[in-house]
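The next block holds one structure in the form of structure tokens; read it before the comments.
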Amino acid sequence: MDWNGAWIDALDELELDVARVEAMLADEHRHAETPPADLWRPPTELGALPLELKPRADEILTRQLKVAEEIARRLTSNRRQTAMTARIETGEAIKRPVYVDRAM
39 MDWNGAWIDA
49 LDELELDVAR
59 VEAMLADEHR
69 HAETPPADLW
79 RPPTELGALP
89 LELKPRADEI
99 LTRQLKVAEE
109 IARRLTSNRR
119 QTAMTARIET
129 GEAIKRPVYV
139 DRAM
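Count along the sequence shown from 1, add 38, and you get the number used in the working numbering.
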């Protein structure tokens, strides 16, 4: 088994997965309803990462973390927008008296 080649293939697959998510985030409407279904699974029995591939693996990890942060930011934004919309539609956010007692 070509140990270095196996790691290169694994990193290629992982990098492709990150690129797909980056593309989805860049074009919100393209994959809004149908996100990519192929989940990346780490290969088994590869052994330690070859030192010459560490910079590439670190770069992919950095991109993954950036994508995860962007997804979390967008989810938070969507929750806020949904909560605001719900309050507007129901009037729940503004607690006002239903009537004014003018007898006083």
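We treat Cβ as the ideally placed atom computed from N, Cα and C, and that holds for glycine.
Q: Could you pull the start and end residues of the alpha helix (DSSP H) that residue 78 belongs to?
A: Careful: residue 78 lies outside any alpha helix (DSSP H) and carries neither H nor E.
**Q.** The alpha helix (DSSP H) enclosing residue 141, as first and last residue numbers
**A.** Following the DSSP letters along the chain, one finds residue 141 in no alpha helix (DSSP H), marked with neither H nor E.
Q. Going straight from the alpha carbon of residue 55 to that of residue 119, what length do you get?
A. 28 Å
Q: Consider the C-beta atom of residue 57 and the heavy atoms of the ligand MG; say whether any pair is separated by less than 8 Å.
A: Looking at this structure, you won't find the ligand MG or any other ligand, since it has none at all.
Q. Excluding the five sequence neighbours on either side, which residues of its own chain have a C-beta within less than 8 Å of the C-beta of residue 117, listed in chain order?
A. none
Q | Limits of the alpha helix (DSSP H) - the one that residue 57 falls within | A | Unbroken alpha helix (DSSP H) run through residue 57: 41-64.
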